[in-house]
Amino acid sequence: MNNNYLLDHKKVVITGGPSTGKTSVIENLEKKGFPCVHELIRSMTSLEKNEENANNFAVNPIVSVKDPKKFNQNLLDGRIKQYLDAEHITGNIVFFDRGIPDVHAYMSCFGQEYSEEFEQPCYTYRYDQILLMPPWKEIHVVDNERFESFEEAERIYEHLKTTYEQVGYPITIVPKGSIEERTSFILELLNL
Numbered sequence: 015m016n017n018n019y020l021l022d023h024k025k026v027v028i029t030g031g032p033s034t035g036k037t038s039v040i041e042n043l044e045k046k047g048f049p050c051v052h053e054l055i056r057s058m059t060s061l062e063k064n065e066e067n068a069n070n071f072a073v074n075p076i077v078s079v080k081d082p083k084k085f086n087q088n089l090l091d092g093r094i095k096q097y098l099d100a101e102h103i104t105g106n107i108v109f110f111d112r113g114i115p116d117v118h119a120y121m122s123c124f125g126q127e128y129s130e131e132f133e134q135p136c137y138t139y140r141y142d143q144i145l146l147m148p149p150w151k152e153i154h155v156v157d158n159e160r161f162e163s164f165e166e167a168e169r170i171y172e173h174l175k176t177t178y179e180q181v182g183y184p185i186t187i188v189p190k191g192s193i194e195e196r197t198s199f200i201l202e203l204l205n206l
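Residue numbers (this note's numbering): 15 to 206.
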C-alpha cells in the first residue's frame, strides 16, 4: 500500500478528550479559510442512539452501543476514508478533528481489547503534527453526544497522549485560552 498520501499537504491532527474546545478551534480555523476534516463520532453516535434504546447511552458510545467492536471498526474505516479523501483537498495544510490513533486510544481507555487491525493504520497513515487539547474543567459539558464526566475526560486525555507517543508522534499541547488565542497559537506554531 502507498503510504505517501497527501504529499503536498501538511496533515495536522487536533485532538483531546471531550469538552476541551477542540471543535470550536477547528470551526474557527475553517472560518479563516483552512480546510478541516470534521469528527465522525457525533453523527455516528446520533445514528446509534436512534437505532437503539437511548437510555443505554450513559457513557462513551464505544461502551454503550450494541456491538462496540463493529462501531469502532466503522469509526476506524471512516477516519481512514477521511485521511484518503483529504488527498483531493487543495492547499498546503489540512486540519483533522481527531486522528486515526484516537480509535484505539479510546478503546484502550475503556478497557476494550483490540487486535493489530486497529493499531496498524496508525503506522500506515501518518500525520505531520499532533496538537493535543488538555482537559479543562471550566468548559466541560455533557450533552446528547458527549457523556463523559470530567474525570473520564482526564483519563481519555492520558490515553490519547500515551497512544500518540507510542506510535511515534511528538505532541504539542495547545494551551488553554480563548478560541482566538488558541487558533493564533496553532497558526504561529505552524508558521501560517
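Ideal Cβ positions, reconstructed from N, Cα and C, are used throughout, including at glycine.
Since the model is a prediction, treat every value here as computed from it, not as a measurement.
- In this structure, Phe132 lies near Leu90, with their beta-carbon atoms less than 8 angstroms apart.
- Judged by their CB atoms, Ile200 and Leu146 are not nearer to each other than the 8 angstroms cut-off.
- A residue is called buried once 16 or more other Cβ atoms fall within 10 Å of its Cβ, and Glu162 is buried on that count.
- Gln96 carries a helical assignment under DSSP once its states are collapsed to helix, strand and coil.
- With a cutoff of 8 angstroms on beta-carbon distance, Gln96 and Val51 are scored as near each other.
- Nearest to Thr104 by alpha-carbon distance, out of Lys24, Ser129, Ile40, is Lys24.
- Under DSSP, Val27 shares a beta bridge with Phe110, Ile144.
- Judged by DSSP secondary structure, Thr186 falls within the beta strand (DSSP E) whose first and last residues are 185-187.
- Classified as buried, His173 has 16 or more neighbouring CB atoms from the shown chains inside 10 Å of its CB.
- Per DSSP, Asn205 is not a residue of any alpha helix (DSSP H), being assigned neither H nor E.
- Apart from the 5 residues on each side of it in sequence, Glu127 has no Cβ closer than 7 angstroms to any other Cβ in its chain.
- For Val51, the secondary structure class from DSSP, reduced to helix, strand or coil, is strand.
- Note on Ile153: under 16 other CB atoms within 10 angstroms of its CB, so exposed under the neighbour-count rule.
- Here DSSP, grouped into helix, strand and coil, assigns Phe85 to helix.
- Residue environment: Lys151 is assigned as exposed (fewer than 16 neighbouring CB atoms within 10 Å of its CB, all protein chains considered).
- When the five nearest sequence neighbours on each side are left out, the beta carbons in the same chain lying within less than 6 angstroms of the beta carbon of Tyr183 are those of Ile144, in order along the chain.
- Asp116 is positioned such that its CB atom lies no closer than 8 angstroms to that of Thr37.
- Thr138 and Ser129 have their C-alpha atoms roughly 15 angstroms apart.
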